[in-house]
Amino acid sequence: MSVVPDEVVDSMVQVCLCVDCVYVDANGYDDSVSKDWPGFLEEWDGWLFGRIDADEYTDGEHFSTAACDGCGSGLAGSRYDYLAVPMNTKGDGR
Ligand SMILES: [Zn+2]
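Numbering (my numbering), first residue to last: 401 to 494.
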């Protein structure tokens with residue numbers, strides 16, 4: 401039996417992050433991050449990202465021309481599959 405409330409489980413969402421978002425998620429923001437990175441979208445305040453290894457061949461990486469779910473960047477490039485999890489029990493991250 402899970403200790404996580406159903407509301408939290410129901411609100412978890414799979415997202416595709418660009419490499420800049422992956423880097424900042426792992427290491428925090430510092431001077432090494434490109435000044436062109438727009439930052440995480442406000443809607444992700446109060447959320448954590450966890451890596452999903454989609455399969456053993458791609459390691460969750462794929463090419464996409466769609467905007468990054470994390471920062472909204474429209475630059476085409478590699479995306480990585482992550483699970484966004486709210487940091488509270490209401491399931492909205494606030
Ligand atoms: Zn991004």
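Don't be surprised by glycine CBs; every beta carbon is placed ideally from N, CA and C.
Considering just the uninterrupted stretch of the beta strand (DSSP E) at residue i, what are its terminal residues?
i	result
Arg431	At residue 431 the sequence reads Asp, which differs from the Arg that was named. Asp431 -> no beta strand (DSSP E), and no H or E assigned at all.
Can you tell me whether residue i is buried or exposed? The criterion is at least 16 other CB atoms within 10 Å of its CB, across all chains shown.
i	result
Ala476	exposed
Val404	exposed
Val409	exposed
Tyr480	buried
Phe463	exposed
Is DSSP giving residue i helix, strand or coil here?
i	result
Val413	strand
Val408	helix
Since residue i is in the alpha helix (DSSP H), which residue starts that stretch and which ends it?
i	result
Val422	419-427
My parser needs the alpha helix (DSSP H) runs of 4 or more residues fully inside the stretch 442-486; what are they?
none
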